[in-house]
Amino acid sequence: MRIGFISHWYDPEGGAAAGPGTIARALAERGHDVQVVTGFPIYPEGRVFPEYSLKAYQREQIRGVTVHRFPIYPSHDAHAAHRMLNYTSFATSGAIGALAVLKGTDVNFVYSTPATAAIPALTTQVMRKTPFVAQIQDLWPQTVTASGFVDESQGRYLERILHTFCDKVYGRATSIAVTSSSMIDLIAERGIPRAKLHFVPNWAEEASFRPVPRDPQLAADLGLNRSFTVMYAGNLGEMQNLEHLVSAAERVRDLTDLQIAFVGSGVMESSLRATVDEKELDNVRFVPPQPFSQMSQILALGDAQVVTLKDVPLYRSTLPSKLQANLAAGRPIIGAVAGDAARVISQSGAGRTAPPGDADLLAHAIRELHAMPQAERNALGGAARNHYLHNFSEQLIADRLEELLVAAAQRRGK
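Count the sequence shown with the working numbering and you get residues 3 to 416, in order.
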């Protein structure tokens, strides 16, 4: 098949933006001709990567996949107007570009975060009758209204507009893949037939997330000089609720062999650093973003990995991709999460959970893993890896996604 792959984000963007490349490569490795329509890379700093420059169009090959880039407004800060300009600029340029470069595709796939990434697929469906499958990563408009980017009055107005838009996308899509099982109920409540909804969670980039031995030299190079490390690796963003991990660090500062490591960057980094300085927390380390290809080695430096999200109803129906990455890497997990993510951690036997935003119980979970014998922590990591292989592996999930795309392509013109 010839598959058009539409995504706001794409390689070499890493972290939370690494998912599209992982999916596109899996489809290409199954023998499909994958044509990616995307913007220029800016995540997470909100600046175009140094090796790129904004232009009307750029074509390149990345790991066997053809990538077509179109201009965007480069921003990823907390300013609502800037973020919406970023989203709508790609929706516009991507829609024009998709008509130019996706002329012969059998089916298009939309990596739907933000939801505006579906606009190029809607355009090609109307103009070229190309069916599309949408994979819903984040529920809109809830993601926008829960983010704090807009005030209450703006939020109500924006919510009405986005509800109408998302319902149109759901209605026009041949199939809808959702990344957590709870999303099925939430989307079905909007009048979308359940037969159209399929649980197709994210998997990890398995070449980059796998069990590896701890590298003491790498730990020393990164300044991780204590014997027990609790690590958060990823976007230091507003919705990750990381101020509570700093509060937990304050509560466990008596454990002199323990350190909390933040690996990555994001809009909350300066605020987190300021809090650490204010509280004079010598048990917190900040490590700059690391190469995606080295993430297995980075995660292996953490005796426990933290997955945390803000305490809003939306995130009870979310499986953050960080969870699958940590499971794949075979790391013990401390989850400051609720809903689907908490259930996966509990069912897998990979670690402990605490209610989102409860620094006391998060600190208790940290103390519990710190007190465990190494053999018990190893068992948690083994359970994590086993759960990943049986529930989230590329082979399992990519096969499921491929089936949806084949079925959509076969329905073209019917």
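C-beta atoms are modelled at their ideal positions from N, C-alpha and C, and glycine is treated no differently.
Determine the direct distance from the alpha carbon of M233 to that of I475, and round the result to whole angstroms. With the chain covering only 3 through 416, there is no way to say anything about residue 475.
Scan the stretch 317-385 and note each continuous alpha helix (DSSP H) run of 4 residues or more that stays entirely inside, going in chain order. 323-330, 341-350, 361-373
Going by alpha carbons, who is nearest to G266 out of T90, P293, I25, L199? P293
For P375 and I300, I'd like the C-alpha separation in whole angstroms. 22 Å
Under a three-way DSSP split, which group does I74 fall into? coil
Per DSSP, M233 forms a beta bridge with which residues? A263, Q307
If you draw a straight line from the C-alpha of L311 to the C-alpha of H70, how long is it? 33 Å
Can you say whether G337 is buried or exposed, counting buried as having 16 or more other CB atoms within 10 angstroms of its CB? buried
Grab me the residues of A306's own chain with a C-beta within less than 6 Å of its C-beta, minus the 5 sequence neighbours each way, in chain order. V232, P334, I336, L371
Alpha helix (DSSP H) runs wholly inside the stretch 15-103, at least 4 long, in chain order: 21-31, 82-103
Residues near F92 in its chain [Cβ-Cβ closer than 6 Å; skip 5 each side]: H10, G41, I74
Between which two residues does the beta strand (DSSP E) holding H200 run? 199-201
The beta strand (DSSP E) enclosing R287, as first and last residue numbers: 286-289
Can you tell which of S295, L101, C168 has its C-alpha closest to the C-alpha of P116? C168
Closest residue to G359 among D284, N243, V408 (Cα-Cα distance): N243
According to the Cβ coordinates, are V135 and V39 closer than 8 Å? no
Give the DSSP-derived three-state secondary structure of S182 in the structure shown. coil
Can you give me the C-alpha to C-alpha distance between E396 and E280, rounded to a whole angstrom? 44 Å
Measuring straight from C-alpha to C-alpha, what distance separates V254 and T90? 44 Å
Can you confirm whether the stretch 187-196 touches the stretch 209-226 when touching is taken to mean that 3 or more C-beta pairs between the two stretches lie within less than 8 Å? no
Under the rule that 16 or more other beta-carbon atoms within 10 Å means buried, what is T107, buried or exposed? buried
Can you name, in chain order, every residue of its own chain whose Cβ lies under 6 Å from the Cβ of L382, other than the five neighbours on each side? P334, A352, G353
Please go through the same chain and pick out, in chain order, the residues whose beta-carbon is closer than 6 Å to the beta-carbon of A367, but skip the five residues on each side of it. I336, R354, A356
Which partner residues does R4 have in the DSSP bridge list? D35
Between R414, R413, L407, which has its C-alpha nearest V112's C-alpha? L407
For the alpha helix (DSSP H) containing I300, list its first residue and its last residue. 297-301
Grouping DSSP H, G and I as helix and E and B as strand, with all else coil, what is F211? coil
Mind checking who F111 pairs with in its DSSP beta bridge? F7, V135
Could you please give me the residues that DSSP links to S177 through a beta bridge? V135
List the whole-angstrom C-beta distance separating D259 from F230, where the pair is believed to meet the contact cut-off of C-beta under 8 Å. 5 Å
Does the distance from the C-beta atom of T181 to that of L321 stay below 8 Å? yes
To the nearest angstrom, how far is it from the Cα of M3 to the Cα of R32? 10 Å
Using 10 angstroms around the beta-carbon of S177, count the other beta-carbons present and answer buried if the total reaches 16, otherwise exposed. buried
Helix or strand or just coil, what does DSSP make of E240? helix
What does the Cβ neighbour count give for R49, buried or exposed, with the cut at 16 atoms within 10 Å? exposed
I'd like to check one pair, S319 with L141: are the Cβ atoms closer than 8 Å? yes
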